[in-house]
Amino acid sequence: MANIWLLSLLFLICILIAAFKHKNRRGRQGNPPSPPGYPIIGNLHQLGDLPHQALCRLSKKYGPVMLLKLGSVPTVVVSSSETAKQVLKIHDLHCCSRPPLAGPKELSYNYLDIIFSPYGDYWKELRRLCLQELFSAKRVHSIQPIKDEEVKKLIDLVAESASQKNPVNLSEKFLTLTVSVICKAAFGFSFHGTVLNNAGFDKLIREAFVFLGSFSASDFFPNGGWIIDRLTGLQARRERSVRDLDAFYEQMIDLHKQGNKEGVEDFVDLLLKLEKEESVLGYGKLTRNHIKAILMNVLLGGINTSAISMTWAMAELMRNPRAMKKVQSEIRNKIGNKPMISLEDMEQLHYLKMVIKETWRIHPPAPLLIPREVRSEFEVNGYTIKPKTVVYVNTWAIGRDPDTWKDPEVFLPERFMDNDIDAKGQNFELLTFGSGRRVCPGMYMGTTMVEFGLANMLYHFDWKLPEGMKVEDIDMQEAAGLAVGKKIDLLLVPVKY
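Under mature numbering (1 follows the signal peptide of the UniProt record, and there is no 0), the residues of the sequence shown are numbered -19 to -1, 1 to 478, in order.
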């Protein structure tokens, strides 16, 4: 009898163990596959200096939907056009919020908290305002004289270097160009008479992109990671960068109030008028911090990304002489002997547009886009994505996906000749500006800036490598940051055409 009871007990235990394992297996099957991690830090050690590249390598092993634990933050990374479509289109409303800035309140960055505000009335009103007053096609066309003027200055500077056969730092020149255009168009002034000259402001913008794009302990350990950031000096570096930007915004606002600026009413004038009228945006009136948040969005969203795209395009064209010859022939045959290309001429330059799209495919300026936070549960490829999960879309991996692109590592603009793929957010193979509710509102301004600047440089000059340098010597390493540019600046020798 005792043996029967013992056997029955063992049988019951086996049934319970099997049921427990089955339940656990079902639970695991509900979550995306995940690479093994360590206690406390999770998968942080696997990110490396260039997270988009590391995550691409991991996705080849664990699939296009991957769950990681970055410190205490559950994070899902999608790495294919199909999974990106599910996140950004089908389930857009479920994950259109932004992760909050971590750290104690006394360390918050004031208007940076507003930039990363969750999806809601304030965010929708802010987007409407920017689209209507700054990024509309009408507004972009109205600032064309500013682009003409600044591009003409760039052409003259490069022509001077050409006459002396000196190399030109195109990374710096393109950044200076976009800084000047954005500041005059949005803020109504140039740098003459301000605290920061072009070089100082360029440095400030670069630093802001580095700290906004860097991963810090407070991002992954919201309840205490800021202590580590204090010890490493990252917190002090961030606060110094924000203080410098804040001083710049204050000076710019003062110039507007004093009437000491160039041109007619601009975007800052409009914002100051709304502040004075105590206009309501979503959950309260427009304050000075709201104005600074909007200006931060305009500066960081519109300046570095355009310059980075032009630099990558020139680097790829130098490495591919056939494409360089083809795009320059198109531009010069279509334009003729005009002193400068106009905005209307852009519509004729089909191969140039293919070159830019191919550049965006291989070198997306924001390779992980800006992270989203899940508001409500949804599924991707049958996997459950839970609330408070941070979601990254790896556009860098999508652009190199061999299931989507033939010979993805090859720079081949012609691949866009027989299809209608563009970067406006409806084709998930090319997500330069994102998609859905969080799509970049400045895509038209950014696209026209890249086309116009690049076309004029290719029209007016031929380009050579510095003496003693070969094509294979062009360094194509990426720099870390929110927007990923070339690690080594691009130096080329212009030859006047």
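Using N, Cα and C, we set each Cβ at its ideal position, and we do this for glycine too.
Pairwise C-alpha distance: T159 and M327
Looking up residue 327 in the sequence shown gives position 346. Looking up residue 159 in the sequence shown gives position 178. The alpha-carbon atoms of M327 and T159 are separated by roughly 18 Å.
Among residues of its own chain, excluding the 5 on either side of S197, which ones have a beta-carbon nearer than 6 Å to its beta-carbon?
Counting from one through the sequence shown, the residue named residue 197 turns up at place 216. Excluding five sequence positions before and after S197, the CB atoms of its chain that fall closer than 6 Å to its own CB belong to D210, L215, given in chain order.
I'd like the ranges of any alpha helix (DSSP H) spanning at least 4 consecutive residues and lying wholly in the region 288 to 323.
You should have 302 to 316.
Start-to-end residues for the alpha helix (DSSP H) that takes in K50:
Here the question's residue 50 lines up with position 69 in the sequence shown. No alpha helix (DSSP H) holds K50; the beta strand (DSSP E) holding it covers 46 to 51.
Identify, in the order they occur along the chain, each residue of the same chain with its Cβ nearer than 6 Å to the Cβ of S78, setting aside the five sequence neighbours on each side.
Residue numbering aside, residue 78 sits at position 97 when the sequence shown is read from its first letter. These residues qualify, in order along the chain: P99, Y100, E354, R356.
Cβ distance (whole Å) where R32 is taken to contact N24 below 8 Å
Here the question's residue 32 lines up with position 51 in the sequence shown. Here the question's residue 24 lines up with position 43 in the sequence shown. One detail in the question is off: residue 32 reads as Pro in this sequence, not Arg. With a Cβ gap of about 11 Å, P32 and N24 do not count as contacting.
Quick one, which of P20, E106, K467 has its alpha-carbon nearest T340's?
Counting from one through the sequence shown, the residue named residue 340 turns up at place 359. Of the listed residues, the one whose Cα sits closest to T340 is K467.
For W444, the first and last residue of its enclosing beta strand (DSSP E):
Here the question's residue 444 lines up with position 463 in the sequence shown. The continuous beta strand (DSSP E) containing W444 extends over residues 442 to 445.
Just how far apart, CA to CA, sit T268 and A436?
For the purposes of this step, residue 268 is taken as the residue at position 287 of the sequence shown. For the purposes of this step, residue 436 is taken as the residue at position 455 of the sequence shown. CA-to-CA, the gap between T268 and A436 works out to about 40 Å.
Got a sec, what are the start and stop residues for the alpha helix (DSSP H) K42 sits in?
Counting from 1 along the sequence shown, the entry for residue 42 is found at position 61. Going by DSSP, K42 is part of the alpha helix (DSSP H) stretching over 32 to 43.
Whether P389 touches R381 by CB criterion (7 Å)
Counting from 1 along the sequence shown, the entry for residue 389 is found at position 408. Counting from 1 along the sequence shown, the entry for residue 381 is found at position 400. In this structure, R381 lies closer than 7 Å to P389 by Cβ.
Closest Cα partner of L252 within the set K319, A167, Y332, S310:
Looking up residue 252 in the sequence shown gives position 271. Closest by C-alpha distance to L252, out of K319, A167, Y332, S310, is A167.
Just mark G317 as buried or exposed, buried being the case when its beta carbon has 16 or more other beta carbons within 10 Å.
The residue given as residue 317 occupies position 336 in the sequence shown. G317 is exposed by the Cβ-count criterion.
Taking buried to mean at least 16 other C-beta atoms within 10 Å of its own C-beta, is residue 483 buried or exposed?
Here the chain has residues from -19 to 478 only, and residue 483 is not among them.
With 16 other CB atoms within 10 Å as the buried threshold, where does D73 fall?
In the sequence shown, residue 73 corresponds to position 92, counting from 1. Burial call: buried.
According to DSSP, simplified to helix, strand and coil, what is P394?
By 1-based counting over the sequence shown, the position of residue 394 is 413. Helix at P394.
Range covered by the beta strand (DSSP E) that runs through Y373:
Taking the sequence shown and counting its residues from 1, one reaches residue 373 at position 392. If you look at Y373, you'll find it in the beta strand (DSSP E) that goes 371 to 374.
First and last residue of the uninterrupted beta strand (DSSP E) at Y19:
Position 38 of the sequence shown, counted from the first residue, corresponds to residue 19. Counted as a single uninterrupted DSSP element, the stretch harbouring Y19 is not any beta strand (DSSP E), since DSSP gives it neither H nor E.
Just to confirm, are V361 and V46 a CB contact at a threshold of 7 Å?
Here residue 361 refers to the residue found at position 380 of the sequence shown. Here residue 46 refers to the residue found at position 65 of the sequence shown. With respect to the 7 Å criterion, V361 and V46 are classified as neighbours on the basis of their beta carbons.
Just the C-alpha distance for E256 and I234, rounded to the nearest angstrom, thanks.
As a working mapping, residue 256 is identified with position 275 in the sequence shown. As a working mapping, residue 234 is identified with position 253 in the sequence shown. When rounded, the distance between both Cα atoms is 12 Å.
Considering only residues of the same chain and omitting the five flanking positions on each side of S222, which have a CB-CB separation below 8 Å?
Along the sequence shown, read from residue 1 onward, the residue named residue 222 stands at position 241. For S222, same chain residues with a beta-carbon under 8 Å away, outside a window of 5 residues either side, are L185, E188, A189, F192 in chain order.
So, using beta-carbon positions, are M305 and L298 closer together than 7 Å?
Residue mapping note: residue 305 aligns to position 324 of the sequence shown, counting from 1. Residue mapping note: residue 298 aligns to position 317 of the sequence shown, counting from 1. Yes, they are a contact pair.
Assuming N375 and S40 are in contact, meaning their beta carbons sit under 8 Å apart, how far apart are those beta carbons, in whole angstroms?
Counting from 1 along the sequence shown, the entry for residue 375 is found at position 394. Counting from 1 along the sequence shown, the entry for residue 40 is found at position 59. Between S40 and N375 the Cβ distance is about 7 Å, and since that is below 8 Å, they are a contact.
Skipping 5 residues on each side, what residues in its chain have a beta carbon closer than 7 Å to that of I230?
As a first step, residue 230 must be located in the sequence shown, where it is residue number 249. Note that residue 230 is Tyr in the sequence shown, not Ile. Hits under 7 Å: K273, L276.
From which residue to which residue does the beta strand (DSSP E) around K467 run?
The residue given as residue 467 occupies position 486 in the sequence shown. Note, K467: premise wrong, no beta strand (DSSP E); not H, not E.
Give the straight-line distance between the Cα atoms of Q232 and K165, rounded to the nearest whole angstrom.
Position 251 of the sequence shown holds residue 232. Position 184 of the sequence shown holds residue 165. Near 15 Å, if we compare the C-alpha coordinates of K165 and Q232.
Drop a sphere of 10 angstroms on the beta-carbon of D247, count the other beta-carbons inside from all chains shown, and report buried for 16 or more, exposed for fewer.
As a first step, residue 247 is located in the sequence shown; it is residue number 266 there, counting from the start. Counting Cβ neighbours within 10 Å, D247 comes out buried, since at least 16 surround it.
How should T213 be labelled, buried or exposed, when 16 other C-beta atoms within 10 angstroms of its C-beta is the threshold for buried?
The residue you call residue 213 lines up with position 232 of the sequence shown. So T213 ends up on the exposed side.
Take M321 as the anchor and find which of W386, M450, Q125, V149 has the nearest alpha-carbon.
Your numbering for residue 321 matches position 340 in the sequence shown. Of W386, M450, Q125, V149, the residue nearest in Cα terms is Q125.
Go through its chain and collect everything with a Cβ distance to V121's Cβ below 8 Å, but skip five positions before and after it.
Reading the sequence shown from its first residue, position 140 is the one you call residue 121. For V121, where only same-chain residues beyond five positions count, the Cβ hits under 8 Å are Y425, M426, T429.
Give me the residue from A140, M450, F433, H344 with the minimum Cα distance to D129.
Within the sequence shown, numbered from 1, the residue matching residue 129 stands at position 148. Nearest of A140, M450, F433, H344 to D129, Cα basis: F433.
Between which residues of its own chain and S152 is the CB-CB distance below 6 Å, once the five residues before and five after are set aside?
Translated into the one-based positions of the sequence shown, residue 152 becomes position 171. Excluding five sequence positions before and after S152, the CB atoms of its chain that fall closer than 6 Å to its own CB belong to T292, D470, L471, given in chain order.
Leaving aside the five residues before and after L48 along the sequence, list all residues of the same chain whose C-beta is less than 6 Å from its C-beta, in chain order.
Taking the first residue of the sequence shown as 1, we reach residue 48 at position 67. If the five residues before and after L48 are omitted, its C-beta is found closer than 6 Å to the C-beta atoms of N12, P13, S15, V57, all from its own chain and listed in chain order.
Return helix, strand or coil for G84, following the three-state DSSP convention.
Looking up residue 84 in the sequence shown gives position 103. With a pLDDT of 49 at G84, under the threshold of 50, the predicted position of this residue should be treated as unreliable, though the coordinate-derived value follows. G84: coil per DSSP, three-state reduction.
Which residues does DSSP list as the beta-bridge partners of S144?
Numbered from its first residue, the sequence shown carries residue 144 at position 163. DSSP, once it has assigned bridges, lists no residue as partnering S144.
Please report how far the alpha carbon of R300 lies from the alpha carbon of Y103, in whole angstroms.
In the sequence shown, residue 300 corresponds to position 319, counting from 1. In the sequence shown, residue 103 corresponds to position 122, counting from 1. The alpha-carbon atoms of R300 and Y103 are separated by roughly 46 Å.
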